[in-house]
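Novice: Please read through the structure below; I'll follow up with questions.
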Amino acid sequence: MQGGRTRRSGYCGSARPSQRRRRRGRRRGRRAWWRANNYLTVGQIYLMANPLLREPLAFEHIKPRLLGHWGTSPGLALVYAHASRSGVAAGWARGFGLVIVVNRAGQAKELAERCADLVVDHLGELLADVTEKAHRSGPRTHRLRAAARRMVAAGADHRTDPWRLIERHPRPDDAGRTESLFAVANGYLGSRGAHEEGDPAYRPATLLNGFHETWTIVLPEAAYGLATTGQTVVPVPDGTTVRILVDEDPVNMATTEVREYERTLNMAHATSSRAVAFQLPGGPRIRIASSRFVSLAHRYLARLRYDLTILPGPDGQAEPGALRDLIMSSELVTHLRVVTDPDADPRRTRSLAEDALRHDGEWVDGTRVMRMCRTAGSAMAVAAAMDHTCDPAALTHLHTRLDRDRACVLFAVRVAPGQTVTLVNLLAYHYGSGTSDALASRAAVTFGRAMGTGHASALDEHENDVSAFWTHSDVEWMGSQTAQQALRFSLFSLLQGTARSAGQGVSSKGQTGTGYEGHYFWDTEIYLLPFLIHTQPSIARAAVRSHDQDLYSRLVTRTGPRPGEPELWRRAAEKMHILYDARTGVHAQDDDFLDRKPWDFAGTPPEYPLLLHHHPLVIYRHQVIKQADVVLATVLLPERFTAEERCRIFDYYDPLTTGDSTLSEFIQAIAAADAGKYRNAEEYLVDAMAVDLADTAGNLRDGLHLASAAGTRMAVVYGFGGYRWRTREFAPMLPTRAQRIRFPFRLGRSVLEVTVEPRLVTYTVRRGDPVTARHRGEEFVAAAGRPVTFPGDYHTHDGARSRKGWWA
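For the sequence shown, the positions run 603 to 1410 when the numbering used here is used.
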């Protein structure tokens, strides 16, 4: 070991004489190439002809005017000759998040073997517009290349910070992605990250967990038992719009010159803030500082603070002390219906009728507005309420105007240069099947509680709850800020989608978008529950009670199982046929899967997901799968397979998996780590962490991917932490990009913290009773104040000893 890292062949250590001779020959060749390159550089600078001196040098061969960069060219030659391979080693040693190498000397295979994540022939291959419509999926090489393009393209706009997502330049053409990335929610109520001034916007929306419309499923031929009613999430009136009018002209990101801009998603505090300076035409500059949060302490409440400052003495203002008249309009907007084509992309939501959300009453009292609406088909009612606090000396309430789709509370702003005026917008939402009046009364109660608490105190309450979440859920990744930020963004997405979801399920997008029609899927049980059980068990219990018990009770009532019938079902399950192919030694995807023709990936254009470009019958006639299926079974039930079976299954199905689903990469990461293929596992982990931040699935505009976010943590804890919940088994290994990983675990009434370092694993009980578990097959007992440590070599690299025997 050197510096906590295992020596690798090709870098140092003993070697056979033949290997040493080959290395010396390669070094001599590189030095000769470098000298020849330097000579040609001199020739290009000084000579017009005869660079190889095939004849005696003459005066006419020399340039009358010298052009060139003598100092630059040898440096470039040095980099081309020597730095590619050593640069890979240095990047690997320093824990770089992504090592990309330009193949200048035809050494692509050797560079890949030395831990380069991506080898390209020219850096231009990575320069791609983040808004291009190509989907980011497909076989592993395509996915890595696509993820690298996105990371390079986004790097100029998002500064890497382990706790914050920072946007430094506005991107009007990328509003869909940023509305999802900068959304704030609490599991019941969520607001997409649209700009407060309204424009530019893709799909601004406020969403409530479970609030939906129904529609009739049209079938070409009806049959018994087929579904006849569909459900789609419906946005409710959105109160996050604050428009600024100067001489009746709107000030916004689309039409007004922007001098300064920065937007921040603070994951430590669960807040979104923005600072922007506008240059008004022929007048002064104004600075807007806005921030918003959806309260974890008060489930039905969101708050938005809007600070406006006239900057003193900008160009175009004759008198720095002159007052400026502005109009501020705080608006509760029922956005126009969304027109989409779910047949073109089944992941998107469908278009609803224009009158899907109908007005069912309204109420105005000064700056307080309530609008009641009801869906046409599901008959669900919602009360959307908006109220304000401000300094009446700086903001004068003019009037409140109600239109069909918009309620506007207008304030006159009389402000001097250097002075700041503040408007705090309070939003409350209640829904149900009851009367609109009852819901309005509940919203009034929410405001009564909120008005008794100042904005600062409300923010403190909220941040205390957020801090408690991070105490029990954070995964610390030392060694790569990019990886740390991506992991925390995944965990933050889970906080926003689950924290106050009690009584409802957890939809695939949470309250960050309308993708997949806002439905609840089996993802909750498979991916989210393992996270919640070990970090937030009270939320896990509420999630199970919210639908599973109710569904089971309804099924029992409808079917009325006879005495002894459960036992018959158990016996049937024991006799169920599990497909297994003796030739390949793997379990088959289905009866005919192994007899089909493999998909021609080499001859397929990079058009993914396949389901958007090929008819299902074409796909189903080939050996190709969009996500890990049989491999998923080996991850969920590893004890049902031998270690050799798990390896064979992974080796067979992994090359056939396109990764078109965001539920695939983290499962493949866990399976690869189980098989001792840590390089593959780490590549898949990188893919999983990039799903939303790099928009690798191409549909971030429709909301975040909560199940994939939960799977990212699974890949770290189950894959590189080697955790097996049935036996409380840990078999940790440290990814090459990490110098340390640490994560807490709730086991019963105790909290166990696992720390993995290059040469040491430590198990510490933070709180509760002593914990009995196993480390690589060896039982240990850790107690508060008595941590247990296991020295060893825990840094991964290709060829590292496989862990599979430890729980085979």
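All C-beta atoms in this analysis are idealised placements derived from N, C-alpha and C, irrespective of residue type, glycine included.
Bear in mind the structure is a predicted one, so any value in this text is a computation, not a measurement.
Based on DSSP bridge pairs, tell me the residues matched to ASP989.
Specialist: Paired residues: LEU1028.
Novice: For ARG630, which residues of its own chain have a beta-carbon under 6 Å away from its beta-carbon, when the five flanking residues on both sides are left out?
Specialist: Contacts found: none.
Novice: In terms of DSSP beta bridges, what is PHE881 paired with?
Specialist: First, the amino acid is wrong: residue 881 is Gln here, not Phe. Its beta-bridge partners are GLU859, ARG887.
Novice: Enumerated in chain order, which unbroken segments of the beta strand (DSSP E) with a length of 3 residues or greater are wholly contained in the stretch 1317-1372?
Specialist: The stretch 1317-1372 contains these whole beta strand (DSSP E) runs: 1342-1349, 1352-1359, 1362-1369.
Novice: On a Cα-Cα basis, can you pick out the residue from SER1110, LEU649, ARG1147, ASN652 that is closest to TYR1129?
Specialist: Comparing Cα-Cα distances from TYR1129 to each of SER1110, LEU649, ARG1147, ASN652, the minimum goes to SER1110.
Novice: Using only the alpha-carbon positions, how far apart do LEU791 and THR1264 sit?
Specialist: Using only the alpha carbons, I get a separation of about 24 Å.
Novice: At the level of alpha carbons, what is the spacing between SER1043 and PHE1049?
Specialist: Their backbone Cα atoms lie some 10 Å apart in a straight line.
Novice: Using the C-alpha atoms, what's the distance from GLU799 back to LEU809?
Specialist: The straight-line gap from Cα to Cα measures roughly 19 Å.
Novice: Hey, out of GLU1241, ALA870, VAL853, whose CA is closest to PRO886's CA?
Specialist: When only C-alpha atoms are compared, the closest one is VAL853.
Novice: Report the option in SER1038, ALA1018, HIS999, ALA986 whose CA atom is closest to the CA atom of VAL1030.
Specialist: Checking the displayed sequence, the identity of residue 1030 turns out to be Ala instead of Val. When each option's Cα is compared against that of ALA1030, the closest is ALA986.
Novice: Which residue or residues does DSSP assign as beta-bridge partners of ASP909?
Specialist: ALA891, THR1024.
Novice: Short of 6 Å in beta carbon distance, which residues of its chain neighbour ALA796, apart from the five on each side in sequence? Order them along the chain.
Specialist: Correct list, in chain order: GLU781, ALA803, PRO806.
Novice: So what's LEU903 in DSSP terms, helix, strand or just coil?
Specialist: Residue state, collapsed to three classes: strand.
Novice: Considering Cα atoms alone, identify which of SER874, HIS1397, ALA1009 is closest to SER931.
Specialist: Comparing Cα positions, the closest option is ALA1009.
Novice: Where LYS711 and VAL835 are concerned, what is the direct C-alpha to C-alpha distance, given to the nearest angstrom?
Specialist: Cα to Cα, LYS711 sits roughly 49 Å from VAL835.
Novice: Are there 16 or more other CB atoms within 10 angstroms of the CB of SER1310, so buried, or fewer, so exposed?
Specialist: The residue is buried, with at least 16 neighbouring Cβ atoms inside 10 Å.
Novice: Where do the ends of the alpha helix (DSSP H) carrying LEU1212 lie?
Specialist: From DSSP, LEU1212 is part of no alpha helix (DSSP H); its letter is neither H nor E.
Novice: By the 10 Å Cβ neighbour count, where 16 or more other Cβ atoms means buried, how is GLU850 classified, buried or exposed?
Specialist: Exposed.
Novice: Which one or two residues does DSSP pair with CYS1249 in a beta bridge?
Specialist: CYS1249 is not bridged to any residue.
Novice: Assign HIS1224 to one of three DSSP states: helix, strand, or coil.
Specialist: Residue state, collapsed to three classes: strand.
Novice: Looking at the secondary structure, which residues open and close the beta strand (DSSP E) in which ALA1275 lies?
Specialist: Counting along the chain, ALA1275 falls outside any beta strand (DSSP E), though it belongs to the alpha helix (DSSP H) covering 1267-1276.
Novice: Alpha carbon to alpha carbon, how far is THR1314 from THR1037? Give it in angstroms, no decimals.
Specialist: Cα to Cα, THR1037 sits roughly 42 Å from THR1314.
Novice: If you draw a straight line from the C-alpha of VAL1390 to the C-alpha of THR1236, how long is it?
Specialist: VAL1390 and THR1236: Cα-Cα distance of roughly 30 Å.
Novice: Could you give the residue range of the alpha helix (DSSP H) that holds GLU1380?
Specialist: First-last for GLU1380: 1380-1384, but that is the beta strand (DSSP E), not the alpha helix (DSSP H).
Novice: Could you give the DSSP three-state label for PRO1168: helix, strand or coil?
Specialist: Of the three classes helix, strand and coil, the one that applies to PRO1168 here is helix, per DSSP.
Novice: Just the Cα atoms here: how many angstroms apart are SER1075 and ASN1066?
Specialist: Rounded to the nearest angstrom, the two C-alpha atoms are 14 Å apart.
Novice: Do PRO772 and TYR863 count as a contact pair if the criterion is CB distance below 8 Å?
Specialist: Cβ atoms of TYR863 and PRO772: closer than 8 Å.
Novice: Which same chain residues, not among the five before or five after PHE880, have their C-beta less than 6 Å away from its C-beta?
Specialist: Taken in chain order, the residues that qualify are VAL853, THR858, ILE888.
Novice: Can you find a CB in chain C that lies within less than 8 Å of the CB of LEU649?
Specialist: Absent from the structure is chain C; it holds one protein chain and no more.
Novice: Can you look up ASP1194 in the DSSP assignment and give me helix, strand or coil?
Specialist: Coil.
Novice: Taking only three categories from DSSP, how would you classify GLY841?
Specialist: Strand, per DSSP.
Novice: Per DSSP, what kind of secondary structure is ILE768 in: helix, strand or coil?
Specialist: If DSSP states are grouped into helix, strand and coil, ILE768 belongs with the strands.
Novice: I'd like to confirm the pairing. Which residues does DSSP put opposite SER931 in its beta bridges?
Specialist: DSSP lists ARG845, LEU1012 as partners of SER931.
Novice: Of the choices VAL1288, LEU1212, THR1338, GLU1381, whose alpha-carbon is the least far from that of PHE1203?
Specialist: For the residues VAL1288, LEU1212, THR1338, GLU1381, the minimum Cα distance to PHE1203 belongs to LEU1212.
Novice: Per DSSP, what kind of secondary structure is PRO806 in: helix, strand or coil?
Specialist: Three-state result, PRO806: coil.
Novice: Our contact map puts ASN1301 next to GLY1117 with C-beta atoms below 8 Å; I'd like the distance itself, whole angstroms only.
Specialist: About 6 Å; that satisfies the 8 Å criterion.
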